[in-house]
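Chemist: Every position in the sequence shown, counted from 1, becomes a number in this note's numbering once 184 is added. Beta carbons are placed, not taken as given, at the ideal position from N, Cα and C, and that holds for glycine. Quick caveat: nothing in here was measured; it's all calculated off a predicted structure. One structure, pasted below without further comment.
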Amino acid sequence: MSHGYDVYVGIDVAKESLEVFGLPPGSPSQFENTAEGRAKLLSLLPPAGASLCVVEATGGYERDLAAEMAVVGQHISVVNPRHVRDFAKGLGLLAKTDRIDAAVIARFAEPTRPIPKGFCKQQEQLRELIVRRRQLVDHRVAEKNRCEKAQSTLVRNSVRKLIETIDKDLKRIDKAIIQLVESNDDWRGRYEQLKSVPGVGAQTAATLMAELPEIGRLNRQQVSSLVGVAPFNRDSGQFRGRRTIRGGRATVRSGLYMAALSAKKHNPVIRAFAARLLAKGKPPKVVLTACMRKLLVILNAMLHSGEAWGPRLATVTE
């Protein structure tokens with residue numbers, strides 16, 4: 185057994201099909217991405233826990249497969265496609281087909297052994313609500329911009345009606361988010377704990393719960409890297425490059441950006457932290473990124489320990 189698994193199965197997911205590498209000899213390699221096709225694939229996998237199945241995030245086409253595998257106990261991990269592609273380039277594999285991609289995903293899984301994805305129906309519902317809310321907010325901004333530029337009265341009235349409809353949808357979705365969070369005892373406590381921190385509002389708290397379920401279960405370095413607010417070195421020999429952030433979960437980072445802006449004004453810990461960095465001559469963007477990381481680490485420490493918000497948490501990253 186290698187790394188705890190007998191088999192590593194790579195699955196290239198498309199809208200209508202699944203290309204699979206790593207099944208027993210003689211098994212088919214392609215399945216329809218339907219309930220029947222996924223059920224057939226599940227029947228050919230080794231016993232639950234003996235294999236690690238890995239798929240790339242494909243904008244949603246992988247979700248049904250991931251959910252069905254997790255429900256029956258199969259270990260499945262959803263990975264960043266860029267990581268797999270970089271791995272393939274490192275191996276000198278430049279050709280790209282569904283079959284090749286499935287084999288590369290399987291080869292990628294063995295040395296990296298990505299963490300299997302759990303499944304929670306409520307978690308998926310909350311994530312969908314958060315994503316839909318973000319889409320509506322972006323749509324509303326675009327429509328407001330159109331309204332400002334419109335010369336025709338008819339066009340302006342049409343846009344205003346659409347904005348009113350979007351506002352009504354946002355109110356319904358906000359209500360649904362609150363109801364879903366409050367329906368779960370564990371979520372309700374974590375949600376209120378996050379909101380108690382100055383600068384963290386209801387939507388930021390909900391976004392963290394929906395799109396960063398690992399928060400409170402990782403150390404500060406891991407959670408910072410996962411979100412993409414951990415600076416990476418760029419040093420070589422005598423050269424010392426600027427440390428920059430990259431990768432991570434952009435949607436969580438966007439929420440933290442707005443929270444950090446508010447926290448710089450209203451949170452005594454973050455305000456004092458930002459003032460110290462500015463006094464040292466740090467650029468404003470660097471300071472704001474550091475505030476995002478500081479705020480995230482504080483939230484992670486609070487959920488890990490169950491501790492309530494307080495200024496004493498200023499030292500968690502120092």
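Ignore the nearest five residues each way along the sequence and tell me which others in PRO382's own chain have a CB closer than 7 Å to its CB.
Modeler: So the list reads ALA447, HIS450 and ASN451, once near-sequence residues are dropped.
Chemist: Ends of the beta strand (DSSP E) at GLN377?
Modeler: First-last for GLN377: 369 to 379, but that is the alpha helix (DSSP H), not the beta strand (DSSP E).
Chemist: Quickly, what does DSSP pair PHE271 with across the bridge? List them, please.
Modeler: According to DSSP, PHE271 bridges with nothing at all.
Chemist: Using DSSP with H/G/I as helix, E/B as strand and the rest coil, what is SER342?
Modeler: Correct three-state label for SER342: helix.
Chemist: TYR245 by DSSP, collapsed to three states: which one?
Modeler: It is coil, neither helix nor strand.
Chemist: What is the residue span of the beta strand (DSSP E) that GLU216 lies within?
Modeler: 214 to 216 is the extent of the beta strand (DSSP E) around GLU216.
Chemist: Is the beta carbon of LEU440 closer than 9 Å to that of LEU410?
Modeler: For LEU410 and LEU440, no; Cβs fall outside 9 Å.
Chemist: Exposed or buried, which one is VAL343 when buried takes at least 16 other CB atoms within 10 Å?
Modeler: That one is buried.
Chemist: Pick out whichever of GLN214, LEU320, ALA254 and LEU313 has its Cα sitting closest to the Cα of ILE299.
Modeler: It is ALA254.
Chemist: From the DSSP secondary-structure annotation, give me the bridge partner or partners of GLY194.
Modeler: Answer is PHE205 and VAL238, bridged to GLY194.
Chemist: Could you tell me the distance, in whole angstroms, from the CA atom of ALA360 to the CA atom of LEU313?
Modeler: Rounded to the nearest angstrom, the two C-alpha atoms are 8 Å apart.
Chemist: Under the DSSP definition of a beta bridge, which residues are partnered with TYR441?
Modeler: None, per the DSSP bridge assignment.
Chemist: Could you check if GLY188 is buried or exposed, using at least 16 other CB atoms within 10 Å of its CB as the buried criterion?
Modeler: Exposed.
Chemist: Would you decide whether GLY490 is buried or exposed? Buried here means 16 or more other CB atoms lie within 10 Å of its CB.
Modeler: Classification of GLY490: exposed, given that the 10 Å Cβ count is below 16.
Chemist: Measure how close the beta-carbons of VAL384 and GLU398 come, nearest whole angstrom, since I'm counting them as under 8 Å.
Modeler: No, VAL384 and GLU398 are not in contact; Cβ-Cβ is about 17 Å, not under 8 Å.
Chemist: Spell out a yes or no on whether the segment 224 to 235 and the segment 196 to 208 are touching, meaning 3 or more CB-CB pairs, one atom from each, closer than 8 Å.
Modeler: With the cut-off at 8 Å, the segment 224 to 235 and the segment 196 to 208 touch.
Chemist: Taking the alpha carbon of GLU246 as the point to measure from, which residue in ALA279, TYR192, LYS199 and ILE284 has its own alpha carbon closest?
Modeler: Comparing Cα-Cα distances from GLU246 to each of ALA279, TYR192, LYS199 and ILE284, the minimum goes to LYS199.
Chemist: Can you tell me where the beta strand (DSSP E) with VAL256 in it begins and where it stops?
Modeler: No beta strand (DSSP E) holds VAL256; DSSP gives it neither H nor E.
Chemist: Quick one: what's got a C-beta closer than 7 Å to GLY400's C-beta in the same chain, skipping five residues either side?
Modeler: Only ASN484, LEU487 and HIS488 meet the Cβ criterion.
Chemist: Determine which residues share a DSSP beta bridge with LEU347 and list them.
Modeler: The residue you asked about is not Leu; residue 347 is Ile in the sequence shown. Partner(s): none; ILE347 has no beta bridge.
Chemist: Considering only residues of the same chain and omitting the five flanking positions on each side of ALA458, which have a CB-CB separation below 6 Å?
Modeler: Closer than 6 Å at the Cβ level, and outside the excluded window around ALA458, lie LYS448, VAL471 and CYS475.
Chemist: Applying the criterion that 16 or more other CB atoms from any shown protein chain within 10 Å of the CB defines a buried residue, is VAL413 buried or exposed?
Modeler: With 16 or more other Cβ atoms within 10 Å, it is buried.
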